[in-house]
Structure formats: C-alpha cells, structure tokens
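Numbering (our numbering), first residue to last: -9 to 204. We put the CB at the ideal spot given by N, CA and C, even for glycine.
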C-alpha cells in the first residue's frame, strides 16, 4: 500500500522528533538567553584545575583558592583581561555575594589557616550541574543610570544629552587671579577640587564599562 508523500513526511518528522532532540533544542534556546559572562564563568569553574578554583562539596558555591594563578592563567583564557577585581565586579553586577567559611568549633586549625585566603561566591541560581538555572540570573541595574538621569536639563522632563553632561562636568573653573579676594580664591579652589573628583569618578565609570564590554 502506497503512503501519500505528505503522510510519509509527517511520519518521518514524528520519528525524528525524539525527546532527546527536543531537549537539545530547548537547551540551545536557553543557552542563547544566558549572558556570555555567565556562560564563560560556569564553563571556567567546571573545567578549572581544582587546586585553583572549584565547586564546593555541595555544589552551591564556587571557591577561588589561588587568586594570583586564577587571574594570570585562568581568566585570560576566557576574557580579554587578567584582573581578578574586574571578575569580582562582574559577579556583583549579577547578584553574586561573597560568603565566609568559618569552622566555629575550631577543630582543625591547619584547615583554617589553609582556607583563610579562599574566596567563595554564591548565587541561588548558580549551581553545579544546573545550567538550566542560568537563564534566571539577571543583571542588577547600574547606579550610573540613576545618576545620569539626575543631571540638570534645559526643560522640565527633558534629559540632557551625554555630551552636555560631559562638557559641563569636565570644564574646570578659571584659575585664581592675584587680585581675587581670599574668600573667592578659596571658593575657586574648592570648586576645582570637586570637579577633579567628579572627573576621576567618571573615569572609573568608563573603566568599569570598558571591562563590561570585554
């Protein structure tokens, strides 16, 4: 008995669409929704030398045992920098928190000494063997957005363009002149100091944004 072409195609599709193939498709879709940083961090911990970094016994936290080797040999394999501080900053952006390990009974003093410099990080959705939870980790809002919205504007409800904010904060007041009164000189020096601090703060923000892009 001949089977119509359409029916044969549907039969073939049903045979090839197995639970395993559906699971692979779902995994591919969910992976695409996970930020690159989280994907790299998870793979980094999974494949790292356990003497340098590894999961805890219960798989709920990960431990950086040797920060020097971690930032010089492990981080550059996954990111375009070798700064442990930048890695920690990114973890903070995604809601990770540093946790302390302490043996309250003080049974093993040697273990206490060996683990004193370990860095432990935890996130409820970042667990060993649970990559499916990574899609639930969201980036926390940056404080820089709120500070930029608080910049003065020319009209009610209007936001000043970034160029205006940068130009207004980066131009220093005129330098004190010999004929200025002492109080005016003091005021100008104070203004210059405040603006220099603001410029330094903006520079740090730019560095953080650069690290985020890497």
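### Message
Taking 7 angstroms as the threshold (C-beta atoms), are residue 24 and residue 125 in contact?
### Response
yes
### Message
Is it buried or exposed, residue 75, if we count other Cβ atoms within 10 angstroms and call 16 or more buried?
### Response
Per the 10 Å Cβ criterion, exposed.
### Message
Quick check on the burial criterion: 16 or more other C-beta atoms within 10 angstroms. Buried or exposed for residue 64?
### Response
buried
### Task
Determine the direct distance from the alpha carbon of residue 112 to that of residue 41, and round the result to whole angstroms.
19 angstroms
### Query
In the structure shown, what three-state DSSP assignment does residue 200 receive?
DSSP places residue 200 in helix when its eight states are reduced to three.
#### Entry: Alpha-carbon to alpha-carbon, residue 127 and residue 82
Whole-angstrom Cα-Cα distance: 12 angstroms.
### Query
Roughly how far, in whole angstroms, is the beta-carbon of residue 120 from the beta-carbon of residue 45, given that I think they are within contact range, below 8 angstroms?
11 angstroms between Cβ atoms; not a contact.
### Query
Per DSSP, what kind of secondary structure is residue 130 in: helix, strand or coil?
coil
### Task
Leaving out five residues on either side along the sequence, give the residues of the same chain with a beta carbon under 7 angstroms from the beta carbon of residue 55.
41, 42, 43 and 108
### Query
Where do the ends of the alpha helix (DSSP H) carrying residue 51 lie?
Where residue 51 is concerned, there is no enclosing alpha helix (DSSP H), although the beta strand (DSSP E) around it starts and stops at 51 to 54.
### Query
Helix, strand or coil: which one does DSSP assign to residue 24?
coil
#### Entry: Residue of 48, 52 and 47 minimising C-alpha distance to residue 32
52
### Task
Drop a sphere of 10 angstroms on the beta-carbon of residue 18, count the other beta-carbons inside from all chains shown, and report buried for 16 or more, exposed for fewer.
Bear in mind that a pLDDT of 49 at residue 18, under 50, signals an unreliable position, so the number given afterwards is only what the model happens to contain. It counts as exposed.
### Task
Quick one: give me the first and last residue of the beta strand (DSSP E) that residue 111 is part of.
109 to 112
### Task
In the DSSP assignment, find the unbroken beta strand (DSSP E) run with residue 87 in it and report its ends.
87 to 89
### Message
Are the CB atoms of residue 27 and residue 80 within a distance shorter than 7 angstroms?
### Response
yes
### Query
Would residue 35 be called buried (16 or more neighbouring beta carbons within 10 Å of its own) or exposed?
buried
### Query
Just how far apart, CA to CA, sit residue 57 and residue 175?
48 angstroms
### Query
Do residue 110 and residue 78 have their C-beta atoms closer together than 7 angstroms?
It is not a contact, given that the beta carbons lie outside the stated cut-off.
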